[in-house]
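Step one of this worksheet: look at the structure below.
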Ligand SMILES: C[S@@+](CC[C@H](N)C(=O)[O-])C[C@H]1O[C@@H](n2cnc3c(N)ncnc32)[C@H](O)[C@@H]1O
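Numbering (our numbering), first residue to last: 327 to 549.
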């Protein structure tokens, strides 16, 4: 459970947001953030292209490019490890839709796990994300921290901001390299060979988390 324990100020912000409307985890995947909310006694909805929620989670199959929520209805929208998959092309529209779906006083929270690449193991992770994005440009995984911060800051001044230690470990660091190798053109494996040697020597690690939360002012209907 990488996000647990949630910082106290974030938990408080989400408790208050829940009073204004439902909480949605956008791109929620297997629902690890929704699980953290459950531990706080907060219910939430998970939206994902391919939701894989644990039993008991309320999940919606949907695309964040066309959010199925009524305007001004949500208490909070949480993006955990998902913003990096928003393509540069869709980014502005997606950001506008999220803001539009929030109720006045509602919050949007962004958590991302690769703000900086300080160690070789973290650089390995960044390089793997870049290669994966090259195979599937719709992932948008090559966006860097500057793009992420710029994307989020369109919502104004953050009401919360923190760098948090990442407690997740990568179970099988070579798995994405095997995936890429299986799809590589012949003669296109030099880069993969080099990265695999680096992963074998130095491992692969997520960077610390970067978290920002933005609150929609009362009376603000649009971006
Ligand atoms: C790295 S996973 C993060 C999952 C979860 N938030 C977590 O932290 O464990 C990114 C998720 O975004 C979802 N996703 C990607 N593109 C999407 C889209 N256009 N609409 C909805 N979900 C999408 C993927 O299916 C995937 O579950």
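Idealized CB from N, CA, C, for every residue including glycine. Predicted model, so just to flag it, every value in this text is computed and none were measured.
Entirely enclosed beta strand (DSSP E) segments - the segment 393–418, minimum 3 residues:
Entirely contained in the segment 393–418, the beta strand (DSSP E) runs reaching 3 residues are, in chain order, 400–406.
From the DSSP output, in three-state form, read off residue 374 for me.
On the chain shown, position 48 is the one that residue 374 refers to. The DSSP-derived three-state label of residue 374 is strand.
Could you name the residues whose beta carbon sits closer than 7 angstroms to any heavy atom belonging to ligand 1, keeping them in chain order?
One residue after another in chain order, those with a Cβ under 7 angstroms from a heavy atom of ligand 1 are 351, 352, 353, 354, 355, 356, 358, 359, 373, 374, 375, 376, 388, 389, 390, 391, 406, 407, 408, 411.
Rounded to whole angstroms, how far is the Cβ of residue 450 from the Cβ of residue 530, which I believe are closer than 8 angstroms?
On the chain shown, position 124 is the one that residue 450 refers to. On the chain shown, position 204 is the one that residue 530 refers to. Indeed they touch by this definition, with Cβ atoms about 4 angstroms apart.
Nearest to residue 420 by alpha carbon, out of 477, 337, 509?
Here residue 420 refers to the residue found at position 94 of the chain shown. Nearest to residue 420 by C-alpha distance, out of 477, 337, 509, is 477.
As a quick exercise: from 393, 390, 493, pick the residue whose alpha carbon is nearest that of residue 533.
Position 207 of the chain shown, counted from the start, is the residue given in the question as residue 533. Selected option, being the one with the closest Cα: 493.
How long is the line joining the alpha carbons of residue 341 and residue 368, rounded to whole angstroms?
To locate residue 341, count along the chain shown from 1; it is residue 15. To locate residue 368, count along the chain shown from 1; it is residue 42. C-alpha separation (whole angstroms): 7 angstroms.
From residue 339 to residue 433, what distance separates their C-alpha atoms?
Within the chain shown, the letter at position 13 stands for residue 339. Within the chain shown, the letter at position 107 stands for residue 433. CA-to-CA, the gap between residue 339 and residue 433 works out to about 8 angstroms.
Ends of the alpha helix (DSSP H) at residue 460?
Against the chain shown, residue 460 aligns to sequence position 134. Going by DSSP, residue 460 is part of the alpha helix (DSSP H) stretching over 446–461.
Since residue 435 and residue 404 should fall inside the 8 angstroms C-beta cutoff, what is the C-beta to C-beta distance between them, to a whole number of angstroms?
Taking the chain shown and counting its residues from 1, the one referred to as residue 435 is at position 109. Taking the chain shown and counting its residues from 1, the one referred to as residue 404 is at position 78. The C-beta distance from residue 435 to residue 404 rounds to 5 angstroms, short enough to fall under 8 angstroms.
For residue 480, tell me which candidate among 444, 495, 425 has the shortest Cα-Cα distance.
Along the chain shown, read from residue 1 onward, the residue named residue 480 stands at position 154. Of the listed residues, the one whose Cα sits closest to residue 480 is 425.
How is the alpha helix (DSSP H) around residue 564 delimited, first residue to last?
Here the chain has residues from 327 to 549 only, and residue 564 is not among them.
Are there three or more Cβ pairs, one per stretch, closer than 8 angstroms when the segment 329–336 is compared with the segment 381–400?
No: fewer than three Cβ pairs fall under 8 angstroms.
Out of curiosity, what's the CA-to-CA distance linking residue 579 and residue 523?
Absent from the structure is residue 579, since the part of the chain shown begins at 327 and ends at 549.
Does residue 544 pass the burial test, meaning 16 or more other C-beta atoms within 10 Å, or should it be called exposed?
Your numbering for residue 544 matches position 218 in the chain shown. Under a 10 Å Cβ-count criterion, residue 544 is classified as exposed, with fewer than 16 other Cβ atoms of the shown protein chains found around its own Cβ.
Is DSSP giving residue 536 helix, strand or coil here?
Translated into positions along the chain shown, residue 536 becomes position 210. Residue 536 falls in the strand class under three-state DSSP.
How close, in whole Å, do the beta carbons of residue 453 and residue 521 come, if the pair is a contact with beta carbons under 8 angstroms?
By one-based count along the chain shown, residue 453 stands at place 127. By one-based count along the chain shown, residue 521 stands at place 195. With 8 angstroms as the limit, residue 453 and residue 521 qualify as a contact, their Cβ atoms being about 6 angstroms apart.
So what's residue 387 in DSSP terms, helix, strand or just coil?
Residue 387 sits at position 61 when you count from the first residue of the chain shown. Here residue 387 sits in strand by DSSP.
Which same chain residues end up closer than 6 angstroms to residue 528 when comparing Cβ atoms and leaving out the 5 residues on each side of it in sequence?
Residue numbering aside, residue 528 sits at position 202 when the chain shown is read from its first letter. Excluding five sequence positions before and after residue 528, the CB atoms of its chain that fall closer than 6 angstroms to its own CB belong to 446, 447, given in chain order.
Assigned secondary structure, residue 506 (DSSP; H/G/I helix, E/B strand, else coil)
Against the chain shown, residue 506 aligns to sequence position 180. Of the three classes helix, strand and coil, the one that applies to residue 506 here is helix, per DSSP.
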